[in-house]
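Here is the structure we will look at.
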Amino acid sequence: MTVDQLQALLQPLFPGLMGVELTEATPGRVVATMRVRPDLCTAGGILHGGAHMAFADTLGAVGTVLNLPKGKRTTTTDSSTKFIGGAKVDTVVTGESVALHRGRTTMVWQTSIRNAEGKLCSVVTQTQLVLD
7 MTVDQLQALL QPLFPGLMGV ELTEATPGRV VATMRVRPDL CTAGGILHGG AHMAFADTLG
67 AVGTVLNLPK GKRTTTTDSS TKFIGGAKVD TVVTGESVAL HRGRTTMVWQ TSIRNAEGKL
127 CSVVTQTQLV LD
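This is how it looks when you write it as structure tokens:
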């Protein structure tokens, strides 16, 4: 699947609502950007923790989809987030998700989210279950 095809799948769903824009998608790595809009922020104008988690979850899910055998689907079984820094409103964050494990029944992805200055904001590790 191409980046454009994947983006078209995301557009009408929650990731599209958040403004996730895929820039690279391979079986081992997914990269995307997202504008830090006021409606995705805390009262202090910093990207909300839930937005970090949802952004990362999307990238790990996209990576898993690129590795699924025909007829299979996926769901997240767990996710762990470490918050390190902030991303200010009206800037753009970049997420890079890399495969740590691509197995028959589970896949594990680690996503690093960086602010516009390139500073690490969060690291999210998630497990995706492969379903029939």
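First residue of the sequence shown: 7, per the numbering used here; consecutive thereafter. The beta-carbon is built from N, C-alpha and C at its ideal position, and this holds for glycine as well.
Under the three-state reduction of DSSP, residue 48 is assigned to coil, being neither helix nor strand. Within the stretch 71–112, the runs of beta strand (DSSP E) that reach at least 3 residues and sit entirely inside it are, in chain order, 79–89 and 98–108. According to DSSP, residue 126 shares a beta bridge with 120.
Per the DSSP secondary-structure output, residue 16 pairs with nothing in a beta bridge. For residue 43, there is no enclosing beta strand (DSSP E), as DSSP gives it neither H nor E. In this structure, residue 95 and residue 127 do not form a Cβ contact; the two beta carbons are roughly 13 Å apart against a cut-off of 8 Å. Spatial neighbours of residue 86 in its own chain (CB-CB distance under 8 Å, excluding positions within 5 residues in sequence) are listed in chain order as 130, 131 and 132. The alpha-carbon of residue 39 is positioned some 24 Å away from that of residue 79. The straight-line gap separating the alpha-carbon atoms of residue 82 and residue 107 is approximately 14 Å. As the crow flies, the alpha-carbon of residue 92 is around 7 Å from that of residue 53.
Boundaries of the beta strand (DSSP E) around residue 28: 27–32.
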